[in-house]
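I have placed the structure first, in the form of structure tokens, so that the comments after it can refer back to it.
Residue numbers (the numbering used here): 903 to 1254.
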């Protein structure tokens, strides 16, 4: 498979490393509007062709599929152009800036019959995949309650750098620079982690968003610090289960941690994923009576990069698809409206 990488930022480097490790995948081209940046990126990964625009790459056309690792606002126009050219796309999250654009992308890809995937990276966590299998096999009975969190601490820790001086972090705090805060940054990840792991669809959402004062006048230079730092959601799922999902950048002691607890009529499952790795625990069978949790071996799973490669080679659509990402984007859009109206909203509501 001949792959074109669109965008050359730090996540594009991860794509290049991952795809380079897959047998039979050749990264044949890279695209970035900055000639120096695309040259440096291409040299680093021995990529023979480099372009400063997508139109130029499409005119060349000697590639089979594309990894779209451009900034969020660029996903929609570039992916639509790639679909029109008949090229399968693995797009970074979020698929688009809003549900309307995400739906256009899903509709176009499906109408064209083109393989399409979104890189929801935590699908690569074996513990999450095993948890879903256990739920679907009925090992904990009907799911009744779901609890999920995505906790980061970069507003109180300099582990990742100093957000007060680094534009890489400052823009994430500023609505004027295109950020929708922690909801826009990691919301899609934890919603997918929760609903996919528990094997249930989201039916209703109620959300509260909060931005806290972080500097004099809540501003640093050109950056107004007004994007949400924390969110808390309650969810109703399609099977009647209840859920609580929250995320924060103020979670002291948690550099980057996702946690999922799934409780059913017959047992419970817990998944934890952080920089140290992942754990899967279950309380099932006789252990339910004494609240004993046992750690399980989840095995290994294929990555999104491998699944996308296999899908392109076989022509068989794989998950997570554009349609799935669009449905999650709908929930994120509704979460903002829910906070504004202080109201619970149906996830099947019209948000175009």
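All C-beta atoms, glycine included, are put in the ideal place defined by N, C-alpha and C.
> How many Å lie between residue 1028 and residue 1167 at the Cα?
Replying inline: 24 Å
> Which residues does DSSP pair with residue 1248 in a beta bridge?
Replying inline: 1106
>> Quick check: the Cα distance between residue 1081 and residue 1152, rounded to an integer number of angstroms?
In response: 17 Å
> Can you tell me whether DSSP reads residue 904 as helix, strand or coil?
Replying inline: Residue state, collapsed to three classes: strand.
>> Does the contact criterion of 3 or more C-beta pairs under 8 Å hold for the segment 1058 to 1074 versus the segment 1207 to 1217?
In response: No contact exists between the segment 1058 to 1074 and the segment 1207 to 1217.
> Which whole runs of the beta strand (DSSP E) in the segment 1134 to 1170 are 3 residues long or more, in chain order?
Replying inline: 1144 to 1150, 1158 to 1166
>> Determine whether the beta carbon atoms of residue 1223 and residue 1013 lie at a separation below 9 Å.
In response: no
> With a CB to CB cut of under 6 Å and the five nearest residues on each side skipped, what residues in its chain are close to residue 1114?
Replying inline: Counting only Cβ-Cβ distances below 6 Å, and skipping sequence neighbours, we find 1131.
> Does DSSP classify residue 1253 as helix, strand or coil?
Replying inline: Since pLDDT at residue 1253 reaches only 44, below the 50 mark, its modelled position is unreliable, and the value read off the structure follows with that caveat. If DSSP states are grouped into helix, strand and coil, residue 1253 belongs with coil.
> residue 1179 lies in the beta strand (DSSP E); which residues open and close that run?
Replying inline: 1179 to 1185
> With DSSP run on the structure shown, which of helix, strand or coil describes residue 940?
Replying inline: Residue state, collapsed to three classes: helix.
>> Quick test of your reading: residue 1184 and residue 1036, contact by CB under 8 Å. State the CB separation rounded to the nearest angstrom.
In response: With a Cβ gap of about 7 Å, residue 1184 and residue 1036 count as contacting.
>> Using a Cβ-Cβ cutoff of less than 8 Å, which residues in the same chain neighbour residue 1106 once the five nearest sequence positions on both sides are dropped?
In response: Answer for residue 1106: 1137, 1138, 1246, 1247, 1248, 1249, listed in chain order.
> Whose C-beta lies closer than 7 Å to the C-beta of residue 1205 among residues of the same chain, with five residues either side of it excluded?
Replying inline: 920, 1026
>> Within a Cβ cutoff of 8 Å, which residues of the same chain sit near residue 966, ignoring the five residues on either side of it in sequence?
In response: 903, 904, 905, 989, 990, 1214
> Excluding sequence positions up to five away, which residues of its chain have a Cβ less than 7 Å from the Cβ of residue 944?
Replying inline: 932, 952.
> Are the beta-carbon atoms of residue 1161 and residue 1174 separated by less than 9 Å?
Replying inline: yes
>> Beta-carbon within less than 8 Å of residue 954's beta-carbon, same chain only, minus the 5 sequence neighbours each way: which residues are those?
In response: 933, 934, 935, 936, 937, 940
>> Checking the sheet assignment: what are the DSSP bridge partners for residue 1019?
In response: 992
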